[in-house]
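Heads up, the thing below is written out as structure tokens.
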Amino acid sequence: MAKPTIFILGATGYLGSEFLMLLARDFPDYPVTALVRGSIPEKIARLHEIHPSIAIVEGTLDDAPIIVEQVVKADITINSASSDHWPSVKATLDGLEKNSAKNPGKPPLYIHVSGCGIISDNARGERKEHIKEWSDIGLDLKE
């Protein structure tokens with residue numbers, strides 16, 4: 001049986017590198033691909049120290065076509081990058097929908113982690129009128 005493939009956004013950050021260490025320790029044979037901005041040799045070397053068999057795809061969170069392509073190919077997508085970057089969130093959701101359509105009965109797994117800032121509404125003591133609620137029921141990933 002083939003090992004699940006993993007695509008990770010934010011691999012060079014604090015949470016992402018922790019995920020990579022855990023993946024390398026607990027699932028060293030799982031193919032892992034990371035989106036890396038400005039893949040300079042030192043950054044790539046550091047990622048290979050953490051996870052020796054990691055594959056690198058150069059790009060930024062603004063590179064929607066790259067993100068969609070990688071999410072469509074992955075069994076598991078881990079997003080530890082910016083939660084507030086709408087183009088990358090949209091690209092990830094688009095890729096998950098395409099992946100789901102391509103693999104009926106075997107939906108992709110999406111893991112999203114972030115710092116505590118994601119739960120802040122920045123209301124600063126004022127009343128907040130609208131709080132978005134998201135649902136993935138039915139795998140349509142809509143607001």
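Using full-length UniProt numbering, the letters of the sequence shown correspond one by one to residues 1 to 143. By construction, the Cβ of each residue, glycine as well, lies at the ideal position given by its N, Cα and C atoms. Treat the numbers as computed from the prediction; the structure is a model and nothing was measured.
Practice item. Using three-state DSSP, classify Y110 as helix, strand or coil. Key: Working through the sequence shown from its first residue, we reach residue 110 at position 110. Y110: strand per DSSP, three-state reduction.
Review point. Is H51 buried or exposed, if buried means 16 or more other CB atoms sit within 10 Å of its CB?
Key: Counting from 1 along the sequence shown, the entry for residue 51 is found at position 51. Taking a 10 Å sphere around the C-beta of H51, we find 16 or more other C-beta atoms and assign the residue as buried.
Check your understanding: Is the CB-CB distance between I67 and A101 below 9 Å?
Key -> By one-based count along the sequence shown, residue 67 stands at place 67. By one-based count along the sequence shown, residue 101 stands at place 101. No.
Check your understanding: Is the region 29–43 touching the region 8–21 in the sense that three or more CB pairs, one from each, lie closer than 8 Å?
Key -> Contact between the region 8–21 and the region 29–43 is established, with three or more Cβ pairs separated by less than 8 Å.
Exercise for review: Pull up the distance between the alpha-carbon of A45 and that of P107, whole angstroms please.
Suggested key: Here the question's residue 45 lines up with position 45 in the sequence shown. Here the question's residue 107 lines up with position 107 in the sequence shown. The straight-line gap from Cα to Cα measures roughly 33 Å.
Exercise for review: Report buried or exposed for N103, applying the criterion of at least 16 other Cβ atoms within 10 angstroms of its Cβ.
Suggested key: Locating residue 103 in the sequence shown gives position 103, counting from the first residue. That one is exposed.
Point to revise | First through last residue of the alpha helix (DSSP H) which encompasses F19 | key: Position 19 of the sequence shown, counting from 1, holds the residue named residue 19. Element bounds for F19: 14–26.
Review point. Considering only residues of the region 37–115, which uninterrupted alpha helix (DSSP H) runs meet the minimum length of 4 residues and lie entirely inside it, listed in chain order?
Key: Whole alpha helix (DSSP H) segments, 4+ residues: 41–50, 64–73, 86–102.
Practice item. Compute the distance between the beta-carbons of G59 and V36, then report whether it is under 9 Å. Key: Counting from 1 along the sequence shown, the entry for residue 59 is found at position 59. Counting from 1 along the sequence shown, the entry for residue 36 is found at position 36. For G59 and V36, yes; Cβs fall inside 9 Å.
Practice item. Would you identify the three-state DSSP class for M1, choosing helix, strand or coil? Key: The sequence position of residue 1 within the sequence shown is 1, counting from 1. Reduced to three states, the DSSP call for M1 is coil.
Exercise for review: Just mark I8 as buried or exposed, buried being the case when its beta carbon has 16 or more other beta carbons within 10 Å.
Suggested key: By one-based count along the sequence shown, residue 8 stands at place 8. Burial call: buried.
Practice item. For S53, count neighbouring Cβ atoms within 10 angstroms of its own Cβ and tell me buried if that reaches 16, exposed if not. Key: In the sequence shown, residue 53 corresponds to position 53, counting from 1. Burial check for S53: the Cβ neighbour count within 10 Å stays below 16, so the residue is exposed.
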